[in-house]
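Visitor: Next up is a structure, given as structure tokens.
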Amino acid sequence: ENVRKHQENQRFFLVSTLRHRRTSKGVYRTILKRISRPGLRIYSNYQQIPKILGGIGIVILSTSQGIMTDREARLKKIGGEILCYMW
1 ENVRKHQENQ RFFLVSTLRH RRTSKGVYRT ILKRISRPGL RIYSNYQQIP
51 KILGGIGIVI LSTSQGIMTD REARLKKIGG EILCYMW
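The structure is reproduced here in structure tokens:
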């Protein structure tokens, strides 16, 4: 549901807050799909970063300015390696 940057001992982390529903209907399922792997790296410029589920999902990228979400990369006009999709 939400992704934010967290700094601890001069190291940066991406913290993802997942949505949780406390009703009898069950919980939301969050899917994390790894895209780039050591044998097959996937790169994209900022114009071709995919939108997951029409913008509801999140793409995590590794850029020259660090790891960031697809929204941040589009705003800064930076491409990079697509690490994973979350929806």
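In this text, residue positions in the sequence shown follow the UniProt record's numbering: the first is 1, and each later residue adds one. The beta carbon of each residue, even a glycine, is placed where N, CA and C say it ideally should be.
Going by beta carbon distance, what residues of the same chain come within less than 6 Å of LEU83, once the five residues before and after it are set aside?
Guide: Hits under 6 Å: SER36, ILE60, SER62.
Visitor: Quick one: what does DSSP say LYS33 is sitting in, helix, strand or coil?
Guide: Reduced to three states, the DSSP call for LYS33 is strand.
Visitor: GLN47: which of LYS77, PHE13, GLY54, GLU72 sits nearest, CA to CA?
Guide: With distances taken between Cα atoms, GLN47 lies closest to LYS77.
Visitor: So what does DSSP say about GLN65, is it helix, strand or coil?
Guide: Coil, per DSSP.
Visitor: Quick one: residues in its chain with C-beta nearer than 8 Å to the C-beta of GLN7, no 5 flanking neighbours on either side, listed in chain order?
Guide: Excluding sequence neighbours, GLN7 sits near PHE13.
Visitor: Any idea what DSSP makes of ILE56, helix, strand or coil?
Guide: It is coil, neither helix nor strand.
Visitor: Would ILE56 pass as a contact of TRP87 if the rule is Cβ separation under 8 Å?
Guide: Yes, the pair counts as a contact, with Cβ atoms nearer than the cut-off.
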